[in-house]
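Reviewing the structure listed below.
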Amino acid sequence: MALCLLPTELILYLGKFLSNSSLNALMRTQKWFAQLLTPQLYGYQISFREPQEDFAELDPYDLPLLWFHCVGRWHSDIILSYFRTSLLRTFTYTDKFGHTLLHIVAGTANTELAQILVRKGLNINAKTLNGRTPLFEAVRSKQREMMDYLLDTGADVMATETNGHTLLEETALFGSGSMVQRLVDALQQKQKLEDQYVNHEAVSQSSRDKALHRAIYNGDSVSVRILLDYGANPSSADGYGTTALASSAIHRRENVIYMLLDRGADPLPYDTLGRSAITCAADSRCSWDVVQTLFQAVLNAGGDITAEPWPGNEYIPLHCFAKRGYLPAVKFLLSHKANALARTQSGVTALQLALFCYSEDPSSYEEVCRLLIEAINAANDEYDHTLPPLEPLTGGTSLHLAVRTGSETLVHTLLYSGVDVSAVDGEGRSALDVARLEGHDVIVKLLSEKVSLN
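Taking my numbering, the leading residue of the sequence shown gets 62, the next gets one more, and so forth.
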């Protein structure tokens, strides 16, 4: 039977168009057809009984193979000839989401088949139920050659999804810099040729700004530069108020941070979560060069790097960097009169945050804590070292936290600062009790001597 000579995936494809009676008749002719096509008759997929070595790279987990998994491999003469010689109605497959065969092929590198389907009359701008054209599929799958073919053949560069999502945004999120440039060129050409598209959503300022944020998330600095050149606002914010600069800090896109600042990005705004570009840089542990550049940008813009917390975030920059053990930033902030006595809304100080996180990097946190203790002592104000009864803290004082670090230097410095050695935590334990439990003998001796003096 000639049908047996066709590739398995093509037989699966053809089976989609056979009636139940035809499928039944075909399955009765050979056991292999029965194994292959029975799932289609009953509307579900089962694994082949014998391993299909040809499909190992497509099916590494031995899962059921669907015909549309294979369209990217349909390059053989027999398959392409079949499509060239068949009537258009043979290819009018549409799935429950509205994807045509061209949508499926567009997500692969099989431009040969795409060309045949377009010549046969499949709509190059057909939309799925959510408004996606084949060009969207090519972009999402990072198929540059397919993207070029579709654009050169008349794909609508102005197409948008039903939710307003544009091709520019899609390309920025999934594509490369060269793909973004290709699309921008196509958009600009469209605008020049047809005035009606000047104010179209696909080329709006909103779309450019959204695309910029998606390119930052994607991590493609070339795309970011192209979009800035295309008019994206370097100070734009997303739906949460997070600016492009803060987003770059969150994702640690350091070269993009420099690029945005060079383009005049505003470093001052806070988002709805109370985050600024500086606090985001602290949380993501950006390099000191970047953090210092952001500090200077804020100062140059008239901002205050020692300001009180913004609504939605209980930390000032000093809290953020102390918690991360970020020594250069803590030094810089203290030199600019950051308030070492300031507490978070929960009642925790920068020193206590650093002491609590000490074990993450003892060498860095040791120096950070020492600087903060010095700043507290230099403030000449009464300072209450009491910890709030807040999980995972158990009350007590900064001295309790210092004892847990095992640092003799920090314990000695705090004792010299006048911390109450007799204070107890929520479980009734003094710092000396904690030292004994932790087995820090030298610290036990220090505290015992202090207790005896009192």
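Beta carbons are placed, not taken as given, at the ideal position from N, Cα and C, and that holds for glycine.
This structure is a prediction, so every number in the text was calculated from the model and none was measured.
Check the C-beta distance from residue i over to residue j and give it rounded, since I have them as a contact under 8 angstroms.
| i | j | result |
| --- | --- | --- |
| T474 | I437 | Not a contact, Cβ separation roughly 10 angstroms. |
| A415 | C430 | 5 angstroms |
| L183 | F144 | Not a contact, Cβ separation roughly 10 angstroms. |
| E262 | T221 | 6 angstroms |
| G517 | E421 | Because the chain is modelled from 62 through 515, residue 517 falls outside the range shown and cannot be assessed. |
| A403 | I377 | 6 angstroms |
| L460 | V480 | 5 angstroms |
| L179 | T214 | Residue 179 is actually Val in this sequence, not Leu. Correct: roughly 6 angstroms between the Cβ atoms. |
| P330 | G302 | 7 angstroms |
Determine, using beta carbons only, whether residue i and residue j come nearer to each other than 8 angstroms.
| i | j | result |
| --- | --- | --- |
| A46 | F393 | Nothing in the structure corresponds to residue 46, since the chain is present only between 62 and 515. |
| V485 | V512 | no |
| L388 | S425 | yes |
| L507 | L471 | no |
| L163 | I185 | yes |
| A399 | C347 | no |
| M207 | T172 | yes |
| T405 | E375 | yes |
| V241 | A233 | yes |
| P370 | G408 | no |
| V218 | L244 | yes |
| Q499 | G467 | It should be noted that the sequence gives Glu, not Gln, for residue 499. Yes; because the gap between Cβ atoms is below 8 angstroms, this pair is in contact. |
| V351 | A390 | no |
| H312 | G280 | yes |
| S308 | I277 | yes |
| G159 | K188 | yes |
| L149 | L196 | no |
For residue i and residue j, I'd like the C-alpha separation in whole angstroms.
| i | j | result |
| --- | --- | --- |
| G300 | I318 | 20 angstroms |
| R577 | E230 | There is simply no residue 577 to check, as the chain begins at 62 and stops at 515 in what is shown. |
| A401 | H380 | 9 angstroms |
| Q106 | L288 | Because Q106 sits at a pLDDT of 39, beneath the cut-off of 50, its placement in the model cannot be relied upon, and the following sentence gives the value as read from the coordinates. Those two C-alpha atoms are separated by around 44 angstroms. |
| D502 | D494 | 11 angstroms |
| R193 | K157 | 14 angstroms |
| L190 | E198 | 14 angstroms |
| Q266 | A272 | 10 angstroms |
| H136 | L71 | 11 angstroms |
| P295 | L322 | 8 angstroms |
| S282 | A216 | 27 angstroms |
| L306 | A298 | 9 angstroms |
| I139 | L211 | 24 angstroms |
| T151 | L64 | 16 angstroms |
| Q252 | V285 | 21 angstroms |
| N85 | L79 | 10 angstroms |
| R465 | C341 | 29 angstroms |
| S108 | K77 | Only weak support exists for where S108 lies, its pLDDT of 37 falling under 50; the value from the coordinates is given anyway. Between S108 and K77, the C-alpha separation is close to 17 angstroms. |
| S396 | E315 | 25 angstroms |
| T455 | A368 | 29 angstroms |
| T458 | T410 | 11 angstroms |
| R269 | L432 | 45 angstroms |
| P453 | N224 | 43 angstroms |
| G133 | P423 | 54 angstroms |
| C418 | S345 | 16 angstroms |
| Q413 | E428 | 14 angstroms |
| F116 | L141 | A caution first: F116 carries a pLDDT of 44, below 50, which makes its placement in the model unreliable, though a value can still be read off. Cα to Cα, F116 sits roughly 19 angstroms from L141. |
| S516 | P449 | Outside the shown range of the chain (62 to 515) lies residue 516, about which nothing can therefore be said. |
| L209 | H226 | Per the sequence presented here, residue 209 reads as Asp, with Leu not at that position. Whole-angstrom Cα-Cα distance: 20 angstroms. |
| R89 | N81 | 12 angstroms |
Opposite residue i in the DSSP bridges: which residues?
| i | result |
| --- | --- |
| A298 | T304 |
| G7 | Nothing about residue 7 can be read from this structure; the chain reaches only from 62 to 515. |
| T410 | R404 |
| T155 | T161 |
| G456 | D486 |
| T474 | Answer by DSSP bridge pairing: none, since T474 is not bridged. |
| T340 | DSSP lists no partner for T340. |
| T221 | T227 |
| T447 | T458 |
For chain C, find out if any of its Cβ atoms is closer than 8 angstroms to the Cβ of residue i; answer yes or no.
| i | result |
| --- | --- |
| V472 | The structure shown contains no chain C; it is built from a single protein chain. |
Taking contact to mean 3 or more Cβ pairs, one atom from each stretch, closer than 8 angstroms, check whether the stretch 485-501 and the stretch 436-447 are in contact.
no
Cβ contact check for the stretch 194-206 and the stretch 163-176: 3 or more pairs under 8 angstroms
Enough Cβ pairs lie closer than 8 angstroms, so yes.
Hey, is the stretch 324-338 in contact with the stretch 358-378, meaning 3+ C-beta pairs nearer than 8 angstroms?
yes
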